[in-house]
């Protein structure tokens with residue numbers, strides 16, 4: 024568990040730079056607002072595939088990381104399968120923290136980017 028990453032997500036939420044929940048994130052990806060999407064590791068395979076492919080289609084960075092309960096908890100809500108960071112600075116910082124942990128961006132089909 025990366026406490027710094029969860030703190031960054033919590034801060035983004037408090038700053039109003041985060042959307043959560045499948046419908047809200049999907050709509051924000053389509054409108055180009057999401058800079059980085061996070062899909063929970065324990066989300067269903069269908070949810071992961073749908074968001075990875077949608078993010079690829081709309082040219083949005085996406086990473087699979089964390090658990091639904093933890094993602095929801097760090098923003099003061101129930102379980103969340105997917106979160107979307109809407110700010111460039113928050114997304115870059117979070118991406119760097121997760122890459123240090125060995126988490127890589129996804130590509131369509133669920134395979135890791137090289």
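Numbering (this note's numbering), first residue to last: 24 to 137.
Idealized CB from N, CA, C, for every residue including glycine.
Where residue 48 is concerned, the enclosing alpha helix (DSSP H) starts and stops at 45-53. With a 10 Å radius around the Cβ and a threshold of 16 neighbouring Cβ atoms, residue 67 comes out exposed.
Two segments are said to touch when three or more pairs of C-beta atoms, one from each, lie closer than 8 Å; by this definition the segment 91-100 does not touch the segment 108-118. In the displayed model, residue 87 falls within a strand according to three-state DSSP.
Within a 10 Å sphere around the beta-carbon of residue 125 sit fewer than 16 other beta-carbons, which makes this residue exposed. By the neighbour-count definition (other C-beta atoms within 10 Å, threshold 16), residue 80 is an exposed residue.
In terms of CA proximity to residue 29, 94 leads the group 72, 123, 94. Here residue 83 is not near residue 105, since their CB atoms are 8 Å or more apart.
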